[in-house]
Amino acid sequence: MDTVSTEIEQAAVSSKGLLNFEFRGDGTEYFKIWIVNVLLTIVTFGIYSAWAKVRSNQYFYSNLYLNNSNFSYLADPKAILKSRIIAILAFIAFNVISNLNPIAGGVLLVLLLIAMPYFINKSLEFNHRMSAYANIQFRFKASYGQAAMVLFIWPLIGVLTLGILFPLAILKSNEYLVNNSAYGTSKFSFKATYKDYGMIFLTMIGIAIACALPIAAISYFIPEMSILSLLLMGCAYFAVIVYFVVSTSNLFYKSTSLLDHHFDANLTMSGLTKVILHNLFFTLITFGLYLPAAKVRVAKYMSSCLVMHAASDLEGFSAAEQENVSALGEEFGEVFDFA
Amino acid sequence: MFITGIYLDGKTSKRHKVRLLAVNENEPITFIIDEEEQLNTDPISCETLFSLAFSQLKITPQLGNTPREISFGDNELFITEDNNGISQLIAIFSGSKSTSILHKLETNLSLVMIFTLATLAIVWASFVYGIPKLSETLAYQLPEFVTENSTSSLDLLDATLFDPSALDESRRQHIDLLFLPYIQAHARLKPKLLFRSGMGANAFALPGGEIVFTDKLVELAESDDELLAILFHELGHLEHKHMLRRMLQGSMVTLAVIFITGDVDTFDLITGLPTLLVDLSYSRQFEKEADRYALDQLDHFDLPLDSFAQIMQRLDRDKEKSNTSQRSKSDFFSTHPLTEQRILFVEQYKNELQAH
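Taken in order, these protein sequences are the chains called B and Y. Under our numbering, read the first sequence as residues 11 to 349, first letter to last. Under our numbering, read the second sequence as residues 13 to 368, first letter to last.
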């Protein structure tokens, strides 16, 4: 009980300035929760999966701390189960109909594409609403048009301009995500430029060329070493992906603010590479049993890289009005694999 | 007893240090504001927030070492990290040590070990027996219209990979005539022979019954019996509905992986590799089944079994010539079994026949 009060004391002292995110979960502890989830899901033929999802999300949200207060996940498993059943039935119906009559299937596919922005909005709305910090829920509200632009139009423009405007598509999708999010009644905002994302893409191309030249040289001059060049190619590909994840995540948090509070992230390529290789190795040699611990490790690393520059203490936020929101968008997205 | 924690009113994010006080089951629970932590020294100056009956509180079940939340009233919340205190509180009012069943399961080490072994056994059994068996049953149960829809996949292949066949007319007629009795013997599978060029020596069976021979394969074969061996292998794929079964098994594996891992997005790399390996192992099983079917048919029509081994060797040498990269010694990453194994299988099959 004493530790609780000293922690609260620290919170009061440090509630201005630099605030750290911290993940306090533990791999072994989560493994036990996960294995119970998996077995119950199997023996109930998947019905328990809704409860498993909630329990697992609760574990990750409740262990994420900012300024010594934790986040929480509020979704009701029954709502998720209901939506999951509807989504799976719709998926089966879609497959049967498109097999019976390819034309009807095509029409359905077009309808599904038209409905996609709506479902993505609903899914984000649900996930935000079910997340809370200090007993205040997050919110998301975006128009159909905004979602459609981000989902179809900007990527299309990116492709039509041979990738030159592709960084803009990513910028627009982050703007859509952040600018439409709110914590209680306070809105988030996202400020990054086309140049920021363009530089990331240019660097990626630079890394790719810098790696491709020696690899091409090796396989041209010493063909017997083709295995080596294949291996190097894999490494180069991995490096480009890690660079992309690190730089876009850092940029994402740097560009996000909530009122006068700003965020910052300092993921590094070496840090993330270590986490990924460690997780990959142990997951493979344990036939997947390391998976839950791997997930904890990723959460620990990500939150350790994340800070908030608070302009004042975090006690002045107010909750928004209550509204009901269904889990259907989220589950539709998962089953049809687009969210 | 008392529990130290934080009170949040649900309207703002302002945190209040609060103590929850419970005396016995007949008295209400009181929440006392304790901002300066002077409750012990100067209790009179502390303001009582409110008093509530135990039944008005909703307490979250224990989950690992995460903080416990007590919600009440209009979205109001009391958060504490004092899990023991909450257990005591529940014990006072409900008379039992009612920790949730889930938490009991999750903290019992021997149960967790049994669960782990059971899960591994179930997953292993369903990947090795369950999924193949289920998809086989399904494949034979599915109405024809579902399975016969492969004209579109042939169109797609024609548009992307294939070119029209460049074989001369007499060679094609010869093969058509050669295959005719055997195709008629398999009329129930509705096989339809097609020739295409545009890729290496290969043959395919599409679920609708189309069997495609590439020009290079026809040129590679040095006898009619070798071509028949290939035809029987492809008829074996049709007979056992392999294309459909592989598709069904693939989606079942994906579904199982999603259920087990909980979410897919974060672990594409880690779950992707095992999924691929499982799919490849299913593919190799189907090839073995088709090989056996080919040998059965060769034997049935009194054709030399060695023709199968010969065309396999020819295909292998052909691949080696066109492919400069080193051949792997294991079939772990391959859709087909190794050629040596397939030839060995022919020998085993011959021995089996002699034994009878």
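Ideal placement from N, C-alpha and C gives every residue a C-beta, glycine not left out.
- Measure the alpha-carbon distance for L9 of chain Y versus H312 of chain Y and round it to whole angstroms. An answer regarding residue 9 of chain Y cannot be provided, because it is not within the stretch 13 to 368 covered by chain Y.
- Query: Under a CB-based cut-off of 7 Å, is I41 of chain Y close to chain B?
  - Reply: In terms of beta-carbon proximity, I41 of chain Y stays away from the interface with chain B, with every pair separated by 7 Å or more.
- May I have the straight-line CA-CA distance separating L121 of chain Y from L114 of chain Y, to the nearest angstrom? Whole-angstrom Cα-Cα distance: 13 Å.
- Please name the residue in Y:G97, Y:E251, Y:F127 whose C-alpha comes closest to that of E299 of chain Y. Cα-wise, what sits closest to E299 of chain Y is Y:E251.
- Item | Distance CB(I195 of chain Y)-CB(A215 of chain Y) smaller than 7 Å | No; because the gap between Cβ atoms is not below 7 Å, this pair is not in contact.
- Query: In terms of residues, what are the limits of the alpha helix (DSSP H) holding L28 of chain B?
  - Reply: No alpha helix (DSSP H) contains L28 of chain B, which is instead part of the beta strand (DSSP E) from 27-33.
- Would you identify the three-state DSSP class for A320 of chain B, choosing helix, strand or coil? Assigned with DSSP and collapsed to three states, A320 of chain B falls in strand.
- Query: Comparing alpha-carbon positions, which option in Y:E301, Y:H348, Y:T266, Y:E352 lies nearest V135 of chain Y?
  - Reply: Of the candidates Y:E301, Y:H348, Y:T266, Y:E352, the one whose C-alpha sits nearest the C-alpha of V135 of chain Y is Y:T266.
- Message: For Q4 of chain Y, count the other beta carbons within 10 Å of its own beta carbon; 16 or more makes it buried, fewer makes it exposed. Which is it?
- Response: Outside the shown range of chain Y, which is 13 to 368, sits residue 4 of chain Y, and nothing can be said about it.
- Task: Using a Cβ cut-off of 9 Å, pull out every chain B residue sitting near E81 of chain Y, in sequence order please.
- Result: Correct list: S72, S82, N145.
- Message: Please state the DSSP three-state secondary structure of L350 of chain Y.
- Response: Note: L350 of chain Y maps to coil in three-state DSSP.
- Do you know offhand how far V46 of chain B's Cα is from Y40 of chain B's? The C-alpha of V46 of chain B lies about 10 Å from the C-alpha of Y40 of chain B.
- Would you list, in chain order, the members of the segment 308-334 of chain B that have their beta-carbon closer than 8 Å to a beta-carbon of chain C? Annotation note: the requested chain C is absent from the structure, which comprises protein chains B and Y.
- Message: If I follow the unbroken beta strand (DSSP E) through H198 of chain Y, where does it start and stop?
- Response: Run containing H198 of chain Y: none; DSSP gives neither H nor E here.
- Any idea which residues DSSP pairs F81 of chain B with across the strands? In DSSP, F81 of chain B forms a bridge with B:Y143.
- Task: Mind checking which residues open and close the alpha helix (DSSP H) that includes E238 of chain Y?
- Result: Its alpha helix (DSSP H) spans residues 236-251.
- Message: Can you look up Q64 of chain B in the DSSP assignment and give me helix, strand or coil?
- Response: Inspection of the sequence shows that residue 64 of chain B is occupied by Val rather than by Gln. Per DSSP, reduced to three states, the secondary structure at V64 of chain B is helical.
- Message: Starting from D206 of chain B, trace the alpha helix (DSSP H) in both directions and tell me its first and last residue.
- Response: Its alpha helix (DSSP H) spans residues 204-231.
- Task: Return helix, strand or coil for E39 of chain Y, following the three-state DSSP convention.
- Result: It is coil, neither helix nor strand.
- Item | Min CB distance D277 of chain Y to chain B below 7 Å | Caution is warranted here: a pLDDT of 48 is assigned to D277 of chain Y, below 50, making its placement in the model unreliable, and no coordinate value can be reported.
- Task: Let me know the secondary structure DSSP gives V276 of chain Y once reduced to three states.
- Result: At V276 of chain Y, the pLDDT of 45 sits below 50, so the modelled position is not reliable; the number obtained from the coordinates is stated separately. Coil, per DSSP.
- Item | Inter-residue spacing [alpha-carbon to alpha-carbon] between A226 of chain B and Y247 of chain B | Straight through space, the alpha carbons of Y247 of chain B and A226 of chain B are spaced by roughly 14 Å.
- Item | Buried or exposed by the 16-neighbour rule on C-beta atoms within 10 Å, applied to K29 of chain Y | The residue is buried, with at least 16 neighbouring Cβ atoms inside 10 Å.
- Task: Could you tell me which chain Y residues have their CB closer than 9 Å to the CB of R94 of chain B, listed as they occur along the chain?
- Result: Around R94 of chain B, no beta-carbon contact reaches into chain Y at under 9 Å, the shortest distance being about 11 Å.
- Message: Just checking: is the beta-carbon of K42 of chain B within a distance shorter than 7 Å of some beta-carbon in chain Y?
- Response: Yes, because at least one Cβ of chain Y sits closer than 7 Å to the Cβ of K42 of chain B.
- Query: Nearest CA to the CA of F81 of chain B: which residue from Y:P219, Y:F225, Y:S25, Y:P144?
  - Reply: The shortest C-alpha separation from F81 of chain B is found at Y:S25.
- Go through its chain and collect everything with a Cβ distance to A306 of chain Y's Cβ below 7 Å, but skip five positions before and after it. Contacts found: A241, F244, H245, G248, F320.
- Task: Return helix, strand or coil for T278 of chain B, following the three-state DSSP convention.
- Result: Shown here, T278 of chain B sits in coil according to DSSP, grouped into three states, outside any helix or strand.
- Message: Contact criterion: CB-CB distance below 7 Å. Does G262 of chain Y meet it with respect to chain B?
- Response: No, because no Cβ of chain B sits closer than 7 Å to the Cβ of G262 of chain Y.
- Task: List the residues of chain Y that S153 of chain B touches, going by C-beta distances under 9 Å, in chain order.
- Result: In chain order: nothing, as chain Y lies at least about 25 Å away.
- Taking Cβ positions only, does F127 of chain Y come closer than 7 Å to chain B? Yes, F127 of chain Y counts as interfacial toward chain B.
- Could you say if the segment 191-204 of chain B and the segment 215-233 of chain B meet the contact criterion of at least three C-beta pairs nearer than 8 Å? In short, these stretches do not touch, since the Cβ pair count stays below three.
- Query: Does DSSP put F148 of chain B in a helix, a strand or coil?
  - Reply: Look at F148 of chain B here: in three-state DSSP terms it is strand.
- Query: Any beta-carbon of chain Y closer than 7 Å to the one on E39 of chain B?
  - Reply: Taking Cβ atoms only, chain Y reaches closer than 7 Å to E39 of chain B, which makes this a yes.
- Query: Any idea if D46 of chain Y is buried or exposed, counting beta-carbon neighbours within 10 angstroms, 16 or more meaning buried?
  - Reply: Per the 10 Å Cβ criterion, buried.
- Is there at least one Cβ from chain B nearer than 7 Å to G76 of chain Y's Cβ? Yes, G76 of chain Y counts as interfacial toward chain B.
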